[in-house]
Amino acid sequence: MTTSIGAVAARAGVGKDTIYRRWSGKPELVFEAVFTTTDDAPPPDTGTLAGDLTVLLQGLVDEFRAPAAAAALPGLLADFAADPELKARIRSDFLAPSKERLLVVFERAVLRGEIAPETPVDLVLDTLAGAVFFHVGLVGESPDPQLAALLAAVVAKGIEVR
372 MTTSIGAVAA RAGVGKDTIY RRWSGKPELV FEAVFTTTDD APPPDTGTLA GDLTVLLQGL
432 VDEFRAPAAA AALPGLLADF AADPELKARI RSDFLAPSKE RLLVVFERAV LRGEIAPETP
492 VDLVLDTLAG AVFFHVGLVG ESPDPQLAAL LAAVVAKGIE VR
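First residue of the sequence shown: 372, per the working numbering; consecutive thereafter.
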């Protein structure tokens, strides 16, 4: 199934101009529709860094497992590689809410004494997202039901205060 801006506009009952006012093109529209479903949820507060990361990672695993993600990912990767401005817009406009949720999780972990204040949040975010992306998005395997918890445990242990 192909997606066009015209088809999206028709289905929404609006003109193409309305679609282009919100998204500069199809890659941004597809990315937001497929990969930002959990961004509005409040940051989890399970009482531990590993627990909070498990909740966040499970949402990411679920997003990447969805059939729409599998269908959209190859085209989006090609679009990102071909257009550095698009990649920058996606990172700033659509990935920022995920980063903000993670910052809240890390701030709580610092207050509980689980991690140091200088923990490199951007690197940890990239590590977590990259592991899920590789395992579910690129390798295409059905993830182990414990994938989120296992990744969370590994990362939390790796950055804990010693």
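Heads up, the beta-carbon is just placed ideally off N, CA and C, and yes, glycines get one too. Owing to the predicted nature of the structure, the values given are computational and were not obtained by experimental measurement.
For residue i, the three-state DSSP class (helix, strand or coil)
{"i": "E531", "result": "strand"}
{"i": "V426", "result": "helix"}
{"i": "S463", "result": "helix"}
{"i": "D493", "result": "helix"}
{"i": "P455", "result": "helix"}
{"i": "T498", "result": "helix"}
{"i": "P516", "result": "coil"}
{"i": "G418", "result": "coil"}
{"i": "P413", "result": "coil"}
{"i": "G384", "result": "coil"}
{"i": "A437", "result": "coil"}
{"i": "V510", "result": "coil"}
Environment of residue i [buried if 16+ CB atoms lie within 10 Å]
{"i": "Q517", "result": "exposed"}
{"i": "G508", "result": "buried"}
{"i": "M372", "result": "Residue confidence for M372 is low, a pLDDT of 48 falling below 50, so the modelled location carries little weight and cannot support an answer."}
{"i": "V536", "result": "The requested residue 536 does not occur in the structure, where the chain is confined to residues 372 to 533."}
{"i": "R472", "result": "buried"}
{"i": "R382", "result": "exposed"}
{"i": "S469", "result": "buried"}
{"i": "L448", "result": "exposed"}
{"i": "A523", "result": "buried"}
{"i": "A443", "result": "buried"}
Whole-number beta carbon distance between residue j and residue i, since they are thought to touch under 8 angstroms
{"i": "F477", "j": "V492", "result": "5 angstroms"}
{"i": "A527", "j": "L427", "result": "Their Cβ separation, rounded to whole angstroms, is 12 angstroms, which puts A527 and L427 out of contact at 8 angstroms."}
Beta bridge counterpart(s) of residue i as assigned by DSSP
{"i": "D486", "result": "The question names Asp, but residue 486 is Ile in the sequence shown. Answer by DSSP bridge pairing, in chain order: E531."}
Residue closest to residue i, alpha-carbon to alpha-carbon, out of the options
{"i": "P413", "options": "L474, R460 and G377", "result": "L474"}
{"i": "A519", "options": "F435, G384 and I461", "result": "F435"}
{"i": "P445", "options": "V510, T490 and L466", "result": "V510"}
{"i": "L420", "options": "L447, G484 and A441", "result": "G484"}
{"i": "D416", "options": "D515, L482 and L522", "result": "L482"}
{"i": "T498", "options": "R382, A383, G377 and L431", "result": "L431"}
{"i": "E531", "options": "H506, A500, A439 and P488", "result": "P488"}
{"i": "A502", "options": "I486, A480, V525 and T490", "result": "V525"}
{"i": "A480", "options": "D388, G418, A500 and G529", "result": "G418"}
{"i": "R533", "options": "S513, D454, G422 and I486", "result": "I486"}
{"i": "L466", "options": "A437, A441, A500 and P455", "result": "A500"}
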